[in-house]
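Same order as they appear, the protein sequences are chains A and B. Just so you know, we're using my numbering here: the first sequence kicks off at 1 and counts up by one. Just so you know, we're using my numbering here: the second sequence kicks off at 1 and counts up by one. All C-beta atoms, glycine included, are put in the ideal place defined by N, C-alpha and C. Keep in mind that this is a model prediction, so the values were computed, not measured. Some notes on the structure that comes next.
Number of protein chains: 2
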Amino acid sequence: MEQQEPQRNWMEHLQANALPHNAIDCVILGYQNEQLKVLLLKWKFEDLWCLPGGYIYQTENFDEAAHRILAERTGLTSIYLKQFYTFGQLERSQYYRPEQVALLKKILAQIPLEGQDWDVDWFTKRFVSTGYFALVDIEQTTAQPDFLSERCAWCSVEEVPSLLADHNKILQKALEQLRIQLNYLPVGISLLPTKFTMKDLQKLYESILGVSLQRSNFQRKILKLGMLVRHEKQMTGAAHKAPYLYSFDKEKYAALVERGIGFSF
Amino acid sequence: MEQQEPQRNWMEHLQANALPHNAIDCVILGYQNEQLKVLLLKWKFEDLWCLPGGYIYQTENFDEAAHRILAERTGLTSIYLKQFYTFGQLERSQYYRPEQVALLKKILAQIPLEGQDWDVDWFTKRFVSTGYFALVDIEQTTAQPDFLSERCAWCSVEEVPSLLADHNKILQKALEQLRIQLNYLPVGISLLPTKFTMKDLQKLYESILGVSLQRSNFQRKILKLGMLVRHEKQMTGAAHKAPYLYSFDKEKYAALVERGIGFSF
DNA sequence: TATTATTGTATTAAATCGACACAATGATAG
DNA sequence: CTATCATTGTGTCGATTTAATACAATAATA
Numbered sequence: 001m002e003q004q005e006p007q008r009n010w011m012e013h014l015q016a017n018a019l020p021h022n023a024i025d026c027v028i029l030g031y032q033n034e035q036l037k038v039l040l041l042k043w044k045f046e047d048l049w050c051l052p053g054g055y056i057y058q059t060e061n062f063d064e065a066a067h068r069i070l071a072e073r074t075g076l077t078s079i080y081l082k083q084f085y086t087f088g089q090l091e092r093s094q095y096y097r098p099e100q101v102a103l104l105k106k107i108l109a110q111i112p113l114e115g116q117d118w119d120v121d122w123f124t125k126r127f128v129s130t131g132y133f134a135l136v137d138i139e140q141t142t143a144q145p146d147f148l149s150e151r152c153a154w155c156s157v158e159e160v161p162s163l164l165a166d167h168n169k170i171l172q173k174a175l176e177q178l179r180i181q182l183n184y185l186p187v188g189i190s191l192l193p194t195k196f197t198m199k200d201l202q203k204l205y206e207s208i209l210g211v212s213l214q215r216s217n218f219q220r221k222i223l224k225l226g227m228l229v230r231h232e233k234q235m236t237g238a239a240h241k242a243p244y245l246y247s248f249d250k251e252k253y254a255a256l257v258e259r260g261i262g263f264s265f
Numbered sequence: 001m002e003q004q005e006p007q008r009n010w011m012e013h014l015q016a017n018a019l020p021h022n023a024i025d026c027v028i029l030g031y032q033n034e035q036l037k038v039l040l041l042k043w044k045f046e047d048l049w050c051l052p053g054g055y056i057y058q059t060e061n062f063d064e065a066a067h068r069i070l071a072e073r074t075g076l077t078s079i080y081l082k083q084f085y086t087f088g089q090l091e092r093s094q095y096y097r098p099e100q101v102a103l104l105k106k107i108l109a110q111i112p113l114e115g116q117d118w119d120v121d122w123f124t125k126r127f128v129s130t131g132y133f134a135l136v137d138i139e140q141t142t143a144q145p146d147f148l149s150e151r152c153a154w155c156s157v158e159e160v161p162s163l164l165a166d167h168n169k170i171l172q173k174a175l176e177q178l179r180i181q182l183n184y185l186p187v188g189i190s191l192l193p194t195k196f197t198m199k200d201l202q203k204l205y206e207s208i209l210g211v212s213l214q215r216s217n218f219q220r221k222i223l224k225l226g227m228l229v230r231h232e233k234q235m236t237g238a239a240h241k242a243p244y245l246y247s248f249d250k251e252k253y254a255a256l257v258e259r260g261i262g263f264s265f
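Structure below.
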């Protein structure tokens, strides 16, 4: 996939069609190497990372806008997205302090925009941001940065650097909501590959909940829910017994998530 | 408490100071006669009910705005308020269809505004609404309608009439979030009077969860959490054994809610 | 004093829990 | 080929919890 080019009159288009004062930021979560990871974008020309975000058109629902923004900025489509919180604090605009504005100007000046100039003032107005989180299978997705970004990177949520503006707070709120609503979210089926081991599933729950769980008891409880299908063994090449692979019975899983999975680890 | 009067230049003040396109709606929940109730406002001159709502000033945090709006429109202050969802759908503006606009005009024309005229256009722009829910002790509060409203009423959530715009959807989403996040919310201490019976508490949980629970088991589980203090018996005047009164140990309750009360009814 | 409805607590079998044990396995090293 | 090793699947077992029910203890009324 090619990196996306800015359309002509991008800035004008934004000024004319975006709902003022409102924005969307996305916390894209994936799971890899027993770690919960978040997709970050790096601005061009500066060591500045942020969550993928964007603006809402006046003729667009928020949910649609979230999907479009995600597709435009990272190339990801058809993924599970859910709104989790709206950040309406004044302080969140404080990153537009003089030096921050200068930095923004400096970066934007280096990024060519077809047919017009950047309107820095437009970006430095007060914006209320609605947060969406997404759950994706990292192996099945390839994120591509847009013309504002140098690259995308999956970053362990334990090792996230200092991000633009209040994006660290947004991430933390997303993780909190993920924990609280865990039993009502399709985390397993969304974050894991189609086939996975019991250990994968356990480590996933452990990273989300931030606790360690008893192996044999976890297996007993999970299997009792009757939402897993057992497949062939996975020969890993490691010097020990090979684990079985499992997949989700989609209908049973969906029914459980709908009612809230009755875990009590 | 007197019904509040509109300040001079109310409309101008709004036009000049409100963040455009953004609004807040509040779902105020209380508990009375074994029923979960919501506080509704009735517009003057028409049989039109709605949730208390309002606009956010450009210099104001969303949380502050929610408290102010609630105080202005119902007189309620110092209550537990929590954001639960932002409604950004285009369809929510569909209630500004021609006949709805006419109705709005008709109502507003009958409500005197000091020093200026109503700007109906201002109200019919696209608005994104952020929902807050509140949990209050009905007995300890007296809601007073503002100058736009004829009266406030506590209405059982089972018997809510058709409300303005998408307010029924907002209410339903609030109730859903209340259920999902139940273990992380101070529902007991916020909705019940200081002293209450075990039956009160059980019926409260039953109305929120929409299920009926086993009496003796409920009592056992709740007491085991160690967050209740037992007081004297309550002589109700009824022809049967009098129940004990209980209150919450605030600190233990807060600690449990913080971590998520481990119920599994 | 008997009746009545509700409440506090006990009982009991079944289910579940946490913690641990242990054999089975798949590679590797000797 | 055998020993070793780390990990996995499953079993065990006492303690705890659960659901369902039973029943005595009220507080008013008849």
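Annotated as proximal: residue 106 of chain A and residue 46 of chain A, with beta-carbon spacing under 9 Å.
When the Cα atoms are used, residue 192 of chain A and residue 136 of chain A turn out to be separated by approximately 8 Å. In this structure, the beta-carbon distance from residue 70 of chain B to residue 52 of chain B falls below 9 Å. For residue 184 of chain B, the chain A residues whose Cβ falls inside 8 Å of its Cβ are 180, in order along the chain. Residue 20 of chain A has a beta carbon lying within less than 9 Å of a beta carbon in chain B. Per DSSP, residue 200 of chain A is one residue of the alpha helix (DSSP H) stretching across 198-209. Beta-bridge partners assigned by DSSP to residue 23 of chain B: B/55, B/129. The criterion of a C-beta distance shorter than 9 Å is satisfied by residue 226 of chain B and residue 252 of chain B. Identification of residues in the segment 246-262 of chain B having a C-beta nearer than 8 Å to some C-beta of chain A yields 260, 262, given in sequence order.
Taking C-beta atoms as the reference points, residue 104 of chain A and residue 120 of chain A count as a pair closer than 9 Å.
Relative to the Cα of residue 195 of chain A, the nearest Cα in the group A/26, A/247, A/238 belongs to A/247.
Taking a C-beta distance under 9 Å as the contact criterion, residue 29 of chain A and residue 73 of chain A do not qualify as a contact pair. If you draw a 10 Å sphere on the C-beta of residue 117 of chain B, you find fewer than 16 other C-beta atoms in it, and that means exposed. Within chain A, no residue has its CB atom less than 7 Å from the CB of residue 220 of chain B, the nearest being about 16 Å off. Against residue 56 of chain B, the close residues of chain A are 88, 128, in the order they occur along the chain (beta-carbon pairs closer than 9 Å). Between residue 65 of chain A and residue 75 of chain A, the gap from beta carbon to beta carbon reaches 9 Å or more. If you draw a 10 Å sphere on the C-beta of residue 161 of chain B, you find fewer than 16 other C-beta atoms in it, and that means exposed. Here the C-alpha atom of residue 35 of chain A lies approximately 20 Å from the C-alpha atom of residue 163 of chain A.
Counted as a single uninterrupted DSSP element, the beta strand (DSSP E) harbouring residue 154 of chain A occupies residues 149-156. Residue nearest to residue 110 of chain B within the set B/148, B/67, B/223, B/235 is B/148 (criterion: CA-CA distance). Each residue's CA atom was taken as its position, placing residue 241 of chain B and residue 166 of chain B some 46 Å apart.
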